[in-house]
Amino acid sequence: MSNSNNAARKAAYLFLTLCCGALLAFVGFRVYEIYGPSKVSVPAVPYGLPVGSTVLLGDAPDFNSSVTKLPVQVQTELRRAAELSRAGALSSAYDIYDGVVVLYPDLLNAIWGGVNILFDMATNGVALTENQKDRLALLTGKLQGRYPGTGLAAYLESRVVYMAGNESASLELARAATEKAPSLTQARLWFGELLLKNSRSIQAAGELKTAISLSNGDSPRAYELLAEVYHDSGLLDSCSAVVEYALSQFPVDAKLLLLQGYLKEYQGHFDAAEKIYQRILAFQPDYAEARAAAATLGEKSPPGSGTGVALSPQDRAQIACDILLPLVEKYPENLPLREALGRAYLKGRQFDLARMQFQEIKKADPEYPEIQLRIQEASITRPAPISKTDGLAANLNRAIDSLRGTSGPATTHDFSSMLGHYLVRYGATPREFFKKYSISNFRPVANNVWQESFYIAPYMHTYTVVFDSLNHFRQVHVVVVDSSSNSNHLGVAPEVFTRLLKQNSRISGIGNSTGETDCGDGLVLDAAVWETQDNFEMLARVVGKPAEVRMVRFDKSALPPGLKLCDYASYLNRY
Numbered sequence: 014m015s016n017s018n019n020a021a022r023k024a025a026y027l028f029l030t031l032c033c034g035a036l037l038a039f040v041g042f043r044v045y046e047i048y049g050p051s052k053v054s055v056p057a058v059p060y061g062l063p064v065g066s067t068v069l070l071g072d073a074p075d076f077n078s079s080v081t082k083l084p085v086q087v088q089t090e091l092r093r094a095a096e097l098s099r100a101g102a103l104s105s106a107y108d109i110y111d112g113v114v115v116l117y118p119d120l121l122n123a124i125w126g127g128v129n130i131l132f133d134m135a136t137n138g139v140a141l142t143e144n145q146k147d148r149l150a151l152l153t154g155k156l157q158g159r160y161p162g163t164g165l166a167a168y169l170e171s172r173v174v175y176m177a178g179n180e181s182a183s184l185e186l187a188r189a190a191t192e193k194a195p196s197l198t199q200a201r202l203w204f205g206e207l208l209l210k211n212s213r214s215i216q217a218a219g220e221l222k223t224a225i226s227l228s229n230g231d232s233p234r235a236y237e238l239l240a241e242v243y244h245d246s247g248l249l250d251s252c253s254a255v256v257e258y259a260l261s262q263f264p265v266d267a268k269l270l271l272l273q274g275y276l277k278e279y280q281g282h283f284d285a286a287e288k289i290y291q292r293i294l295a296f297q298p299d300y301a302e303a304r305a306a307a308a309t310l311g312e313k314s315p316p317g318s319g320t321g322v323a324l325s326p327q328d329r330a331q332i333a334c335d336i337l338l339p340l341v342e343k344y345p346e347n348l349p350l351r352e353a354l355g356r357a358y359l360k361g362r363q364f365d366l367a368r369m370q371f372q373e374i375k376k377a378d379p380e381y382p383e384i385q386l387r388i389q390e391a392s393i394t395r396p397a398p399i400s401k402t403d404g405l406a407a408n409l410n411r412a413i414d415s416l417r418g419t420s421g422p423a424t425t426h427d428f429s430s431m432l433g434h435y436l437v438r439y440g441a442t443p444r445e446f447f448k449k450y451s452i453s454n455f456r457p458v459a460n461n462v463w464q465e466s467f468y469i470a471p472y473m474h475t476y477t478v479v480f481d482s483l484n485h486f487r488q489v490h491v492v493v494v495d496s497s498s499n500s501n502h503l504g505v506a507p508e509v510f511t512r513l514l515k516q517n518s519r520i521s522g523i524g525n526s527t528g529e530t531d532c533g534d535g536l537v538l539d540a541a542v543w544e545t546q547d548n549f550e551m552l553a554r555v556v557g558k559p560a561e562v563r564m565v566r567f568d569k570s571a572l573p574p575g576l577k578l579c580d581y582a583s584y585l586n587r588y
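Going left to right, the sequence shown walks through residues 14 to 588 as our numbering numbers them.
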């Protein structure tokens, strides 16, 4: 009996001990939460930290503590500055922040916003004015004096040192800033950028994910850098996933679009890549990286991993040419094989060799599917200049060929005169025009209006030439209809539009894409515009009419001033 009582007593003591231990642990945890280091619970954000993660607050100040006390109009201006900054309009955003600082010299939110924008402008190669340099030095010193020895001060010093050219010291100061102020988003972002520049990809990804979470997914720069980390590491699937998500949040971010264009090129989707580069240049014409990307279309190599060498599309095309050429020489009558060789030359941007193969096909079978279109695609470059070593006979032959080509009016269109690009000056008389282009191709459709039509499979072309009341050449209207029945256009621009957009860009240069614009009454236009001092061109499609593309070319002096996109609909549909 006594043994059972002792056992029960021991069990009770053990139970009480466990309960007391659990209670003490709970109390200790609560005390640590209250009096221990402060933490920030980050929200669940795509490509940020795992759900439930926390970040130590450190000595980062509260940048928004005084904002709610400001007039509503000032709060609105601060929000607008933040939006402009996210959209890449740094100069406009800075002007707003600086204007607020003039009114409220001690407002931390505005000082912080203006300082970071000036640092970003300088880091991105924008030359600061003397006034901006003075303001940057003044405001940086003011913040460092207000928060001496803090993570914020270390971050600012890191940016100053980087501008002075000392990258190693800047990296060390940025690391110190993230240790002192782990929740300072800009410090995390800057440290991640420096780590990326030093090829420390794993650490960079961690810092950038933290920045994404701390900013609640509201920092396009953090997504840009994370995508760049994956891209440079050869993790293209991860890069693509980040880019696609980030573009859904920031659809006009130039850096994200540029990476999307690169990814399309790596997959061999050159038309899609070129359209992306054109879109970037439409709203940022001076973006050098996009211009360089468009100029080197098809020449880029996906980043390799390890010691492997990644082949560019041109390299892969050359391998295909090396395989196909002996087969074509062995089986010269096999036209599909010859077409494959021509396409390989085309992908390798060896246009003369591609054109030669396509012309051989046309000679053997003039009705070969789309062969005229292939020849046009291979004719996008000018002939090579005459070499000094060509010899007199070659030079004479070229001269004779040239004379043959210009001795009479043209009855067909080569690549350069497609889409109504008649090589006749604006203001020319009908006599001048039809001296260059055979009148037998045209029929009169109205007073001073002439029209020609021709078919190049699978497209039906109709070009209308308009002279004014004084018989001066002023306008060209183009309609191209895709006769194929299997055009896949669901969710994307129809193939006929993207192909003609690319073709006109090769003739007129890179245009400005307008995107889809609702003009009312169910009319939605998707267009691209080219404009020079004396010429205006617009290529457009009506959303819902996938088989039809329309284009107008004007002498700018004949256009009414102040026209908007939808005002051109009547011109597009006139003929």
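Every residue, glycine too, gets a C-beta built ideally from N, C-alpha and C.
Residue i, buried or exposed, once every other Cβ within 10 Å from all chains shown has been counted against 16
i, result
"A35", "exposed"
"A487", "Contrary to the premise, residue 487 reads as Arg rather than Ala in this sequence. Result: buried."
"S518", "buried"
"G49", "The predicted position of G49 is uncertain, since its pLDDT is 45 and thus under 50; no value can be drawn from it."
"S183", "buried"
"I336", "exposed"
"V458", "exposed"
"S171", "buried"
"G158", "exposed"
"R456", "exposed"
Residue i in three-state terms, based on DSSP
i, result
"F447", "helix"
"R213", "coil"
"L69", "strand"
"K155", "helix"
"Q363", "coil"
"E380", "coil"
"E641", "Outside the modelled stretch of the chain, which goes from 14 to 588, sits residue 641, for which no answer is possible."
"G205", "helix"
"Q273", "helix"
"P233", "helix"
"L340", "helix"
"W543", "strand"
"T477", "strand"
"H490", "strand"
"D245", "helix"
"P457", "strand"
"V174", "helix"
"L436", "coil"
"C33", "helix"
"I469", "strand"
"N525", "strand"
"R304", "helix"
"S183", "helix"
"K193", "helix"
Other residues of its chain near residue i: CB distance less than 6 Å, five sequence neighbours each side excluded
i, result
"W543", "S521, G524 and E550"
"N179", "none"
"S318", "Model confidence at S318 stands at a pLDDT of 44, short of 50, so the residue's coordinates are unreliable; what they give is reported in the following sentence. If we look at S318 and ignore the five residues flanking it on each side, its Cβ neighbours are G247."
"F567", "Q488 and F549"
"Y588", "T477 and H490"
Cβ-Cβ distance between residue i and residue j below 8 Å
i, j, result
"V565", "D539", "no"
"L348", "I374", "yes"
"H495", "A560", "Per the sequence shown, the amino acid found at residue 495 is Asp instead of His. It is a contact, given that the beta carbons lie within the stated cut-off."
"A267", "I293", "yes"
"P59", "Y358", "no"
"L227", "R188", "no"
"V114", "L121", "no"
"A194", "G61", "no"
"V242", "A217", "yes"
"Y300", "G274", "no"
"G205", "L238", "yes"
"V64", "S196", "no"
"P233", "R99", "yes"
"L270", "H244", "no"
"W203", "Y160", "no"
"A305", "Q297", "no"
"S261", "L276", "no"
Beta-carbon proximity list for residue i, same chain, < 7 Å, skipping 5 on both sides
i, result
"V87", "V113"
"L91", "V80, V113, N122 and A123"
Close beta carbons around residue i, own chain, < 8 Å, minus the five adjacent residues each side
i, result
"A307", "E287, Y290, Q291, L294 and I523"
"A377", "E346 and L348"
"L338", "L354"
Exercise for the section: Taking only runs that begin and end inside the region 57-133, name each unbroken alpha helix (DSSP H) of 4 or more residues, in chain order. Expected result: 85-99 and 103-116
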